[in-house]
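K.L.:
Protein chains in written order, with this note's numbering: chain A, 106 to 258; chain B, 106 to 258.
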């Protein structure tokens, strides 16, 4: 069931924590084979013997995608998301390895009504993706356009 | 065949243009169903009648992934890529629609040897993803750690 909250119902400082997702070796190789087939993402022997990380690591694109999948699963903006203008300061802080279980903590940083379109506003938020040792593996600052509650428009 | 170029062999201002990739309706729905299942990415009827774009559009995560797939296909950093510290200023400039054929123009903006590790340097580059009407759909500023040519280390 999606949240029925609109732009007007959110506040800066709100935090959300997702469920977990375990990143398997198969998932790392399958994702990378399609989108980012560098040897340290798809060749376990190379990664173990010649790579810089002592073993396979997930593509950063995979970690970004998994982060969003966990965020979208809770449908926080289910009723009101229009689109995203972009991301800033995407940081691949630590490698993600086979078997790591990730979760995402999302904090709303700023909410600003649109100056030109009275039916919407922009939220800026930070996704912080952590492993089971509470180490940060990824941070993303994202902006999303949200619909205002129809009565308030 | 991968390029055998190392950090020392690249210059700021170099530009690379990828081959094309057509983003089908199936690909849009399949990608979004896995990673970004918002209705304007997976429900063609909703997208046509109730969405803001008059039809299905690709997830921004899909466009980012396709952009990298096109970039990696040419294996420009095939011999020397170590990892990426992050992306900045990811901008979803225009929607990507079923049937759009994308290509990526990549420009090297800056190359800086590592201050602490003599075997590597950092390249900053901009990927600009265009459709067949030469409209920009996505820009990404990415940084990548590259190995220096072994003799120069």
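We put the CB at the ideal spot given by N, CA and C, even for glycine.
(1) Is the beta carbon of residue 156/A closer than 9 Å to that of residue 197/A?
(2) Put residue 204/A into one of helix, strand or coil per three-state DSSP.
(3) For residue 195/B, list the residues DSSP reports as bridge partners.
(4) Scan the region 163-177 of chain B for residues whose Cβ lies nearer than 7 Å to a Cβ of chain A and list them as they occur along the chain.
(5) For the candidate residues 249/B, 231/B, 251/B, 219/B, whose alpha-carbon lies nearest to that of residue 122/B?
(6) With 9 Å set as the bound, which would you pick, yes or no: does the beta-carbon of residue 141/A sit closer than that to a beta-carbon of chain B?
(7) In terms of DSSP beta bridges, what is residue 114/A paired with?
(8) Compare the C-alpha of residue 254/A against each of 235/A, 226/A, 200/A, 236/A and name the closest.
(9) So the alpha helix (DSSP H) residue 161/A belongs to, where does it begin and stop?
(10) Residues of the region 194-225 of chain B with a CB closer than 7 Å to any CB of chain A: list them in chain order, please.
(11) Looking only at C-alpha atoms, which of 201/B, 139/B, 147/B, 151/B sits nearest to residue 173/A?
(12) Quick check: residue 78/A and residue 248/A, are their CB atoms within less than 9 Å of each other?
(13) Note down, in chain order, each residue of its chain lying with its Cβ closer than 8 Å to the Cβ of residue 119/A, except the 5 sequence neighbours on either side.
(14) So with Cβ pairs under 9 Å, would you call residue 255/B a contact of chain A?
(15) Taking C-alpha atoms, which residue in 114/B, 222/B, 126/B lies nearest to residue 204/B?
(16) Tell me the residue span of the beta strand (DSSP E) that contains residue 234/B.
(17) State buried or exposed for residue 241/B, treating a residue as buried only when at least 16 other CB atoms are found within 10 Å of its CB.
(18) Are the CB atoms of residue 149/B and residue 250/B within a distance shorter than 9 Å?
(19) My guess is that residue 228/B and residue 115/B are in contact by the Cβ rule of under 8 Å, so how many angstroms apart are they, rounded?
(20) Please return the same chain residues whose Cβ sits closer than 8 Å to the Cβ of residue 151/A, not counting the five positions on each side in sequence.
(21) Near residue 234/B, what residues of its chain come up, given a Cβ to Cβ distance below 6 Å and the 5 sequence neighbours on each side ignored?
P.N.:
In this structure, then:
(1) Locating residue 197/A in the first chain gives position 92, where the first residue counts as 1. Locating residue 156/A in the first chain gives position 51, where the first residue counts as 1. Not closer than 9 Å, so no.
(2) The residue labelled residue 204/A in the question sits at position 99 within the first chain. The three-state secondary structure of residue 204/A, taken from DSSP, is coil.
(3) The residue labelled residue 195/B in the question sits at position 90 within the second chain. According to DSSP, which records beta bridges pairwise, residue 195/B is partnered with 192/A.
(4) Those residues of the region 163-177 of chain B that come within reach of chain A (Cβ to Cβ, closer than 7 Å) are 165, 166, 169, 170, 173, 174, 177.
(5) Taking the first residue of the second chain as position 1, residue 122/B is located at position 17. Across the set 249/B, 231/B, 251/B, 219/B, the C-alpha of 231/B shows the shortest separation from the C-alpha of residue 122/B.
(6) Here the question's residue 141/A lines up with position 36 in the first chain. At least one chain B Cβ lies under 9 Å of residue 141/A.
(7) Numbered from its first residue, the first chain carries residue 114/A at position 9. Paired residue(s): none; residue 114/A is not in a bridge.
(8) Residue numbering aside, residue 254/A sits at position 149 when the first chain is read from its first letter. Out of 235/A, 226/A, 200/A, 236/A, 226/A has the C-alpha closest to the C-alpha of residue 254/A.
(9) As a first step, residue 161/A is located in the first chain; it is residue number 56 there, counting from the start. First-last for residue 161/A: undefined, no H or E at that position.
(10) 194, 195, 196, 197
(11) Position 68 of the first chain holds residue 173/A. Ranking 201/B, 139/B, 147/B, 151/B by Cα distance to residue 173/A puts 139/B first.
(12) Residue 78/A is absent from the structure shown; chain A starts at 106 and stops at 258.
(13) Position 14 of the first chain holds residue 119/A. Hits under 8 Å: 212, 213.
(14) Walking along the second chain from the start, residue 255/B turns up at place 150. No, because no Cβ of chain A sits closer than 9 Å to the Cβ of residue 255/B.
(15) Taking the second chain and counting its residues from 1, the one referred to as residue 204/B is at position 99. Nearest C-alpha to residue 204/B: 126/B.
(16) What you label residue 234/B is simply residue 129 of the second chain in a count that begins at 1. Secondary structure note for residue 234/B: its beta strand (DSSP E) is the uninterrupted segment 225-235.
(17) The residue given as residue 241/B occupies position 136 in the second chain. With fewer than 16 other Cβ atoms within 10 Å, it is exposed.
(18) Taking the first residue of the second chain as position 1, residue 250/B is located at position 145. Taking the first residue of the second chain as position 1, residue 149/B is located at position 44. No, Cβ-Cβ distance for residue 250/B and residue 149/B is not below 9 Å.
(19) Here residue 228/B corresponds to residue number 123 of the second chain, with the count starting at 1. Here residue 115/B corresponds to residue number 10 of the second chain, with the count starting at 1. Indeed they touch by this definition, with Cβ atoms about 6 Å apart.
(20) As a first step, residue 151/A must be located in the first chain, where it is residue number 46. Here residue 151/A has 144, 145 as same chain residues with Cβ atoms under 8 Å from its own Cβ, once five neighbours each way along the sequence are excluded.
(21) Counted from its first residue, the second chain places residue 234/B at position 129. Excluding sequence neighbours, residue 234/B sits near 172, 207, 209, 242, 243.
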